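Chains as they are written, first to last, in the numbering used here: chain A, 1 to 249; chain B, 1 to 486. We put the beta carbon where it would ideally sit given N, CA and C, even for glycine. All figures in this text were calculated on a predicted structure; none of them were measured in a lab. Let me begin by presenting the structure, written as structure tokens, before commenting on it.
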Amino acid sequence: MDNLLEIRDLHAGIEGKEILHGINLTIKPGEVHAVMGPNGAGKSTLSAVLAGRPDYSVTGGSITFSGQDLLAMSPEERSWAGIFLSFQYPIEIPGVSITSFMKAAVNARRKAKGEPEMAPAQFLKLLKEKMAFVKMKGEFAKREVNVGFSGGEKKRNEIFQMAMLDPVFSILDETDSGLDVDALKIVADGVNAMRSPEKSAIIITHYKHLLELVTPDVVHVLKDGKIIATGGMELADKIENQGFDSING
Amino acid sequence: MLEEKDILASAVEKEYSEGFVTDIEQEFIPKGLDEDIIKMISAKKDEPGWLLEFRLEAFRKWKTMTPPKWGHLSRLPEIDFQDIIYYAAPKSDKDRPKEIDPALQETFDKLGIPVGEREVLAGVKPKDTVAVDAVFDSVSVSTTFRKTLAEKGIIFCSFNEAVHNHPDLVRKYLATVVPVGDNFYAALNSAVFSDGSFCYIPKGVKCPMDLSSYFRINASGTGQFERTLIIADEGASVSYMEGCTAPMRDENQLHAAVVEIIVEKDADVRYSTVQNWYPGDSQGRGGILNLVTKRGLCRGENSHLSWTQVETGSAITWKYPSTILMGDNSTSEFYSVALTNNYQQADTGTKMIHIGRNTRSRIVSKGISAGHSENSYRGLVRMNPGASKARNFSQCDSLLIGSRCGAHTFPVIRNMCPTAIVEHEATTSRISEDQLFYCNQRGLGPEDAVGLIVGGYAREVLSRLPMEFAVEAQKLLSVNLEGSIG
């Protein structure tokens, strides 16, 4: 089967400073990959470049997504193509309710595909279903996006949005950081529910707790802007027991 | 594939979709302003002598006055008042109150303004109907639902009709809130006003539907000088909405209106405006000079007046809907969203004059500046010595989009009463790259993202508008911001 994502010799950075020094990574449809690494390894740069954050620049290499040149696409085009980024630090949008935000997002991608807006009744049904899935109560829909949310609520909101938008490829950027056991379970359920032969994900994390709950197909170790090791869960175990320094490229 | 000029045309259309001109035979009076012109306007309207006297007195006052210069409005041009046509009307006007001219019907249909009752009457939800007074250049061309309203004793008609049919009410209230010589533009309006809406809600009557005035400038070289007078008698209540548009032209056109509202004991008036006059093009050419005086008097105890305005249009906006809180325990609010883009300039705000005891006011102003625009909040909160235990709370927020625009706040507080409390809060913020990227990642394009963020910022104000107005206002905010980022 064709690859869903193909990163070739990717060099990228921010404000003129190169952070990723030649990343190679291939993800097939249906695969979940974990990317582990210490602080400053370039994990967030990788997720930012995949999602098309404008302040990051790519200085070399290529990224192909579903056969398309991903780097030529705007962030919203990447979203329409089915890429979802669960933000490490979700952003507040005062005055905009979760309902309005999701309605705009759902209909923006329908519009991009030339489909009509989702009927209100159908939208509300979807909203309720996905809220129940992340165990959010009714008033959640009326709350302003991420305003006054606790850390755990913000992360659950990201998983909720992921469930709403039904992406082909999800990037979870340290979604597990700072979560209690219950919230971690919700995140894991979110990822597991999404798994299918067509859908893939990258889980960026420091810890193996989330990985134990979702069991990735491949584990990569990112250090100093390079992937220094690729394997299975045994890599995560080794890091958990002996630290990142035990992995040598 | 679209031709380039079609793409351009559709882009312009998107910017200001109300910019068309109606091809209709109109009558004009000669350019210029003197006592003869005023007599001519008065004669056109077949006015009684007292009103002509009122106009002439205003004109004599106006001649002694000079335009105010204190607004933060560097692009407000010197206006040649002799180069304006003060009266323009569709020729068919004389046939009123027969059927509305089909060309005008079409114009208002295009603007989405229901000037016919049939459609709405055929609908099942009479609760959602709106009575409309449609003013085209200098005259009111249609007022709907008059009969339904008359059954309740409500008078809703053009100002000119009120002068003829209800002269006692007009004489009793005209210029009691905005005196003839109140300011330069109010004096000009008092001298040359041509039409507008009149509304009287009798004692104890709750108006069964929203009332609305829709102002349309069509003719070139003219100004619009309408006069609106709203009276809510004891215990009455009404929700009033006002909308306005004009064609796209390279010249500036003057709009100098006066709105007066009298709120008696226990009465309640909610006045909403969505101002979408042509703002000029992206280079700052043309656009309406919107120089208006709006003021309400909470005359009776427990009276209530609320102003909600969404100002997205006009090249220049100079406007301060204000309330005089005279009756004890009277309350007033001013909720405003003012958006400026390209080279627009707005100097807008409110005055809350507390006279009565235990009066309360609340000001929520949300300015949004983009492009090369300048957006100012100017406000006065005055607590007179007798306004014991009066309170005001003001919140003035500014949102900047891009780095070439300006946001300014000029709040004045004059508290002469030791037991009165005045609170003022102000913030200035920008739309962050993070917010935009977050929205983009969820599939919203840059302009949709800005529209959503701005809508959220303005929500507190937009939520005060009647439903259909709120939807329109939200759309206008997005449309008027097009091209403001990138």
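Task: methionine 352(B) versus glutamate 423(B): straight-line alpha-carbon distance, rounded - done: To locate residue 352(B), count along the second sequence from 1; it is residue 352. To locate residue 423(B), count along the second sequence from 1; it is residue 423. Taking the straight line from one Cα to the other gives about 13 Å.
Open item on the list: For a test of the three-state rule: what should DSSP assign to arginine 414(B), helix, strand or coil?
Closed with: The residue you call residue 414(B) lines up with position 414 of the second sequence. In this structure, arginine 414(B) counts as strand in the three-state DSSP scheme.
Task: Whole runs of the beta strand (DSSP E) within the region 312-380 of chain B, excluding any shorter than 3 residues - done: 316-319, 322-325, 331-340, 345-354, 360-369
Open item on the list: Taking 7 Å as the limit between beta carbons, can you name the residues of its chain near proline 90(A), skipping five residues before and five after?
Closed with: In the first sequence, residue 90(A) corresponds to position 90, counting from 1. Closer than 7 Å at the Cβ level, and outside the excluded window around proline 90(A), lie Asn146, Lys154, Asn157, Glu158.
Task: Alpha-carbon spacing of threonine 245(B) relative to methionine 65(B), whole angstroms - done: Against the second sequence, residue 245(B) aligns to sequence position 245. Against the second sequence, residue 65(B) aligns to sequence position 65. Those two C-alpha atoms are separated by around 29 Å.
TODO: State the DSSP-derived secondary structure class of threonine 99(A), mapped to helix, strand or coil.
DONE: The residue you call residue 99(A) lines up with position 99 of the first sequence. Helix.
- [ ] In the DSSP assignment, find the unbroken alpha helix (DSSP H) run with glutamate 260(B) in it and report its ends.
- [x] By 1-based counting over the second sequence, the position of residue 260(B) is 260. Note, glutamate 260(B): premise wrong, no alpha helix (DSSP H); beta strand (DSSP E) at 258-263.
Open item on the list: Quick check: the region 52-66 of chain A against the region 103-118 of chain A, are at least 3 beta-carbon pairs closer than 8 Å?
Closed with: no
- [ ] Throw me the rounded Cβ distance for the threonine 323(B) and threonine 348(B) pair, which I believe falls under 8 Å.
- [x] Translated into positions along the second sequence, residue 323(B) becomes position 323. Translated into positions along the second sequence, residue 348(B) becomes position 348. No, threonine 323(B) and threonine 348(B) are not in contact; Cβ-Cβ is about 15 Å, not under 8 Å.
TODO: Would you check if the region 221-234 of chain B and the region 190-198 of chain B touch, i.e. whether three or more CB-CB distances between them fall below 8 Å?
DONE: yes
- [ ] Report back the beta-carbon spacing between leucine 52(B) and lysine 39(B) to the nearest angstrom; my notes put them in contact at under 8 Å.
- [x] Within the second sequence, the letter at position 52 stands for residue 52(B). Within the second sequence, the letter at position 39 stands for residue 39(B). The pair is a contact, with the Cβ atoms about 7 Å apart (cut-off 8 Å).
Task: Cβ distance (whole Å) where alanine 12(A) is taken to contact leucine 25(A) below 8 Å - done: Counting from one through the first sequence, the residue named residue 12(A) turns up at place 12. Counting from one through the first sequence, the residue named residue 25(A) turns up at place 25. With 8 Å as the limit, alanine 12(A) and leucine 25(A) do not qualify as a contact, their Cβ atoms being about 13 Å apart.
Task: Segments of 3+ residues assigned as beta strand (DSSP E) that fall wholly inside the region 397-443 of chain B - done: 406-415, 421-430
- [ ] Report buried or exposed for methionine 416(B), applying the criterion of at least 16 other Cβ atoms within 10 angstroms of its Cβ.
- [x] Working through the second sequence from its first residue, we reach residue 416(B) at position 416. So methionine 416(B) counts as exposed.
- [ ] Using a Cβ-Cβ cut-off of less than 7 Å, list which residues of the region 265-292 of chain B approach chain A; keep chain order.
- [x] none
Task: Cutoff 7 Å; reference aspartate 217(A); Cβ partners in own chain excluding five residues on either side - done: Indexing the first sequence from 1 puts residue 217(A) at position 217. Excluding residues within five positions, the ones whose Cβ falls inside 7 Å are Glu31, Val32, His33.
Open item on the list: Quick check: the Cα distance between leucine 4(A) and alanine 81(A), rounded to an integer number of angstroms?
Closed with: Here residue 4(A) corresponds to residue number 4 of the first sequence, with the count starting at 1. Here residue 81(A) corresponds to residue number 81 of the first sequence, with the count starting at 1. Going from the Cα of leucine 4(A) to the Cα of alanine 81(A) covers about 11 Å.
Task: Where tyrosine 438(B) meets chain A, residues with beta-carbon distance less than 8 Å - done: Start at 1 with the first residue of the second sequence, and residue 438(B) comes out as number 438. Neighbours of tyrosine 438(B) on chain A, chain order: Phe87, Pro90, Ile91, Ile93.
Task: Per-residue burial, glycine 280(B) [other beta carbons within 10 Å of its own, 16 or more giving buried] - done: In the second sequence, residue 280(B) corresponds to position 280, counting from 1. The residue in question, glycine 280(B), is buried, as its Cβ has 16 or more Cβ neighbours within 10 Å.
TODO: Could you check if arginine 404(B) is buried or exposed, using at least 16 other CB atoms within 10 Å of its CB as the buried criterion?
DONE: Indexing the second sequence from 1 puts residue 404(B) at position 404. Flag for arginine 404(B) reads exposed.
Task: Run of the beta strand (DSSP E) containing phenylalanine 198(B), from where it starts to where it stops - done: For the purposes of this step, residue 198(B) is taken as the residue at position 198 of the second sequence. Note, phenylalanine 198(B): beta strand (DSSP E), 197-201.
- [ ] Classify glutamate 47(B) as helix, strand or coil using the three-state DSSP reduction.
- [x] On the second sequence, position 47 is the one that residue 47(B) refers to. Correct three-state label for glutamate 47(B): coil.
- [ ] Decide if proline 167(A) is buried, meaning its Cβ has at least 16 other Cβ atoms within 10 Å, or exposed.
- [x] In the first sequence, residue 167(A) corresponds to position 167, counting from 1. It is buried - the Cβ of proline 167(A) has at least 16 other Cβ atoms within 10 Å.
Open item on the list: In whole angstroms, give me the CA-to-CA distance for glutamate 76(A) and glycine 451(B).
Closed with: Taking the first sequence and counting its residues from 1, one reaches residue 76(A) at position 76. Taking the second sequence and counting its residues from 1, one reaches residue 451(B) at position 451. Near 15 Å, if we compare the C-alpha coordinates of glycine 451(B) and glutamate 76(A).
- [ ] Quick one: list the residues of chain B neighbouring proline 167(A), beta-carbon separation under 8 Å, in chain order.
- [x] Stepping through the first sequence from its first residue, residue 167(A) is reached at position 167. Those do not exist, as proline 167(A) stays about 10 Å from chain B at its closest Cβ, beyond 8 Å.
TODO: For glutamate 119(B), count neighbouring C-beta atoms within 10 Å of its own C-beta (all shown protein chains included) and say buried if the count is 16 or more, exposed if not.
DONE: Here the question's residue 119(B) lines up with position 119 in the second sequence. Residue placement at glutamate 119(B) is flagged as unreliable, the pLDDT there being 44, under the threshold of 50; the coordinate-derived value follows with that caveat. Its Cβ having fewer than 16 others within 10 Å, glutamate 119(B) is exposed.
Task: Inter-residue Cα distance where the pair is glutamate 447(B) and proline 385(B) - done: On the second sequence, residue 447(B) is found 447 positions in, with the first residue counted as 1. On the second sequence, residue 385(B) is found 385 positions in, with the first residue counted as 1. Rounded to whole angstroms, glutamate 447(B) to proline 385(B) spans 49 Å at the Cα level.
TODO: Could you spell out where the alpha helix (DSSP H) holding methionine 118(A) opens and where it closes?
DONE: Here residue 118(A) corresponds to residue number 118 of the first sequence, with the count starting at 1. It is not in any alpha helix (DSSP H) - methionine 118(A) carries neither H nor E in the DSSP assignment.
TODO: Let me know if isoleucine 239(A) comes out buried or exposed under the rule of 16 or more other beta-carbons within 10 Å of its beta-carbon.
DONE: Residue numbering aside, residue 239(A) sits at position 239 when the first sequence is read from its first letter. Per the 10 Å Cβ criterion, buried.
Open item on the list: Taking the alpha carbon of lysine 28(A) as the reference point, which residue from Ala229(A), Asp237(A), Ile227(A), Arg195(A) has its own alpha carbon closest?
Closed with: As a first step, residue 28(A) must be located in the first sequence, where it is residue number 28. Closest by alpha carbon: Arg195(A).
- [ ] Would you mind reading off the limits of the beta strand (DSSP E) that contains leucine 179(A)?
- [x] Position 179 of the first sequence holds residue 179(A). Unbroken run through leucine 179(A): none, as it is neither H nor E.
TODO: Determine, using beta carbons only, whether glycine 52(A) comes closer than 9 Å to chain B.
DONE: To locate residue 52(A), count along the first sequence from 1; it is residue 52. Answer yes: the Cβ-Cβ gap between glycine 52(A) and chain B drops below 9 Å somewhere.
- [ ] Could you tell me whether the region 171-179 of chain A touches the region 198-211 of chain A, using the rule of 3 or more Cβ pairs below 8 Å?
- [x] yes
TODO: With a cut-off of 8 Å on the beta carbons, I'd call glycine 296(B) and leucine 305(B) a contact; round off their distance for me.
DONE: Walking along the second sequence from the start, residue 296(B) turns up at place 296. Walking along the second sequence from the start, residue 305(B) turns up at place 305. So it is a contact: roughly 4 Å between Cβ atoms.
Open item on the list: Give me the chain A residues within the contact set of isoleucine 453(B), using Cβ-Cβ distance strictly less than 9 Å, ordered along the chain.
Closed with: For this step, residue 453(B) is matched to residue 453 along the second sequence. Per Cβ cutoff of 9 Å: Ile93, Pro94, Gly95, Val96.
- [ ] Evaluate the contact criterion for the region 230-238 of chain B versus the region 198-210 of chain B: three or more CB pairs, one atom per stretch, below 8 Å.
- [x] yes
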